[in-house]
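Protein chains in written order, with my numbering: chain S, 22 to 133; chain X, 7 to 120.
Just so it is clear, CB atoms sit at the ideal spot from N, CA and C, and this is done for glycine as well.
Shown next, in structure tokens, is the structure this report addresses.
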Amino acid sequence: GQNIDQPTEMTATEGAIVQINCTYQTSGFNGLFWYQQHAGEAPTFLSYNVLDGLEEKGRFSSFLSRSKGYSYLLLKELQMKDSASYLCAVRDRAGGYQKVTFGTGTKLQVIP
Amino acid sequence: KAGVTQTPRYLIKTRGQQVTLSCSPISGHRSVSWYQQTPGQGLQFLFEYFSETQRNKGNFPGRFSGRQFSNSRSEMNVSTLELGDSALYLCASSLGTGMQETQYFGPGTRLLVL
């Protein structure tokens, strides 16, 4: 089976940097996604990591360490509109099928 | 490019009925994945279709099924609806090539089972 852990809630200040961690346990890792979801809206794709290292996309960066079962999403220069839930999801191979499992999400509140 | 579209956007059904939801992926995308989202369980993976074949499958009962057509449009069917099937059903499309994967979600179909 799979187990994905991420903090339930975080609060950060506008203009600051925040790191949202995600740890996972899986038998056949095949990639990790980060999504942003505003309340009442569909998730929006942020990043997909399949190899170790840091991937940077503007204000957002995502890091992966497969040996440690660990990823983080780094948000720089926080803006009020970044207040949302951030979902970590892992794709793995189990029983002949690839499965995508989502964490329960981290609700980020950005305050002035 | 048009985004992922889902129809209908809202649906009310009663227990025991069946329902079919539709998803049209972004043009050129061959992979369509379906998810169920509920407040209690979060986002759960149902299945993925690629080139008309079910490539990935989550842990849902056989009442949940799907298919994909040659134009990559996909449908999801739920038979013998239960109250617990009330949820937001999301589909996501991607190229399906694996590396540098980018998934785009549609707006979802909100299903209410009474």
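According to DSSP, simplified to helix, strand and coil, what is residue i?
i: D73/S; result: coil
i: G48/X; result: strand
i: L87/X; result: coil
i: K63/X; result: strand
i: K102/S; result: helix
i: A60/S; result: coil
i: I18/X; result: strand
i: L94/S; result: strand
i: V10/X; result: coil
i: Q42/X; result: strand
i: G34/X; result: coil
Chain X beta carbons: is any one of them nearer than 8 Å to that of residue i?
i: A105/S; result: no
i: V121/S; result: yes
i: Y69/S; result: yes
i: L95/S; result: no
i: T44/S; result: no
i: G49/S; result: no
i: L129/S; result: no
i: L66/S; result: A small correction: the amino acid at residue 66/S is Phe; Leu does not occupy that position in the sequence shown. F66/S counts as touching chain X.
i: L108/S; result: yes
i: A33/S; result: no
i: A63/S; result: yes
Tell me whether residue i, by its Cβ, gets closer than 7 Å to a heavy atom of the ligand ATP.
i: N83/X; result: As far as ligands go, the structure on display features none, and thus does not contain the ligand ATP.
Mind checking if residue i is an interface residue toward chain S, Cβ cutoff 8 Å exclusive?
i: Q74/X; result: no
i: Y55/X; result: no
i: L96/X; result: yes
i: L27/X; result: no
i: N83/X; result: no
i: P45/X; result: no
i: Y110/X; result: yes
Cα-Cα, which of the options is closest to residue i?
i: L129/S; options: A63/S, D26/S, L99/S, Y45/S; result: L99/S
i: N70/S; options: E81/X, T108/X, L96/X; result: T108/X
i: S104/S; options: T122/S, I25/S, V39/S, L85/S; result: V39/S
i: G68/X; options: S57/X, S78/X, F53/X, Q74/X; result: F53/X
i: I41/S; options: Y107/S, P133/S, V121/S; result: Y107/S
i: F54/S; options: D113/S, V131/S, A60/S, M101/S; result: D113/S
i: V121/S; options: Y45/S, T127/S, T29/S, A37/S; result: Y45/S
Do residue j and residue i come within 8 Å of each other at the CB atom, strictly closer than that value?
i: S85/X; j: V38/X; result: no
i: S92/S; j: F81/S; result: no
i: S99/X; j: P31/X; result: yes
i: Q43/X; j: A93/X; result: yes
i: C109/S; j: Q57/S; result: no
i: L27/X; j: M82/X; result: yes
i: P64/S; j: F70/X; result: no
State the start and end residues of the unbroken beta strand (DSSP E) segment that holds residue i.
i: K128/S; result: 127-132
i: A33/S; result: 30-34
i: F75/X; result: Taken as a continuous stretch (DSSP letters only), F75/X belongs to no beta strand (DSSP E), as it is neither H nor E.
i: R116/X; result: 115-119
i: L85/S; result: 81-86
i: I41/S; result: 39-46
i: S100/X; result: 93-100
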